[in-house]
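Colleague: My structure is below; once you've seen it, I'll send some questions.
Numbering (UniProt numbering), first residue to last: 1 to 105.
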């Protein structure tokens with residue numbers, strides 16, 4: 001049975017994962033000069049970080065709901081935030097080239 005606290009904590013973990021994915025995507029876009037470099041790290045490194053976070057929250061802290069199958073849990077807690085965070089960074093935040101930084105003294 002799904003409790004209100006469990007649902008709120010689950011939504012909180014989803015929001016946290018989305019923020020992590022968006023911030024890490026932005027970091028890779030700013031720091032890596034090549035086009036495929038930031039894409040590679042976004043696709044292969046961020047899911048590992050989200051998996052570790054998922055194992056921490058759902059295993060150690062017992063936060064979340066029973067989604068039935070582990071593949072569904074991985075899709076919801078890793079795939080969905082990765083896709084939404086990537087989309088937020090790529091579509092709604094200006095590219096790093098368009099942001100003007102102050103000159104170094």
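Backbone N, C-alpha and C fix where the C-beta goes; we use that ideal spot for every residue, glycine too. It should be emphasised that the depicted structure is a prediction, and the values quoted were computed from it without experimental measurement.
#1: Are the Cβ atoms of residue 6 and residue 65 separated by less than 8 Å?
#2: On the three-pair Cβ rule with 8 Å, is the stretch 82–98 touching the stretch 19–31?
#3: Any idea what DSSP makes of residue 44, helix, strand or coil?
#4: Residue 30: buried (16+ other C-beta within 10 angstroms of its C-beta) or exposed?
#5: Label residue 25 either buried or exposed according to how many other C-beta atoms from any shown protein chain fall within 10 Å of its C-beta, with 16 as the threshold for buried.
Modeller: Quick answer:
#1: yes
#2: yes
#3: helix
#4: exposed
#5: buried
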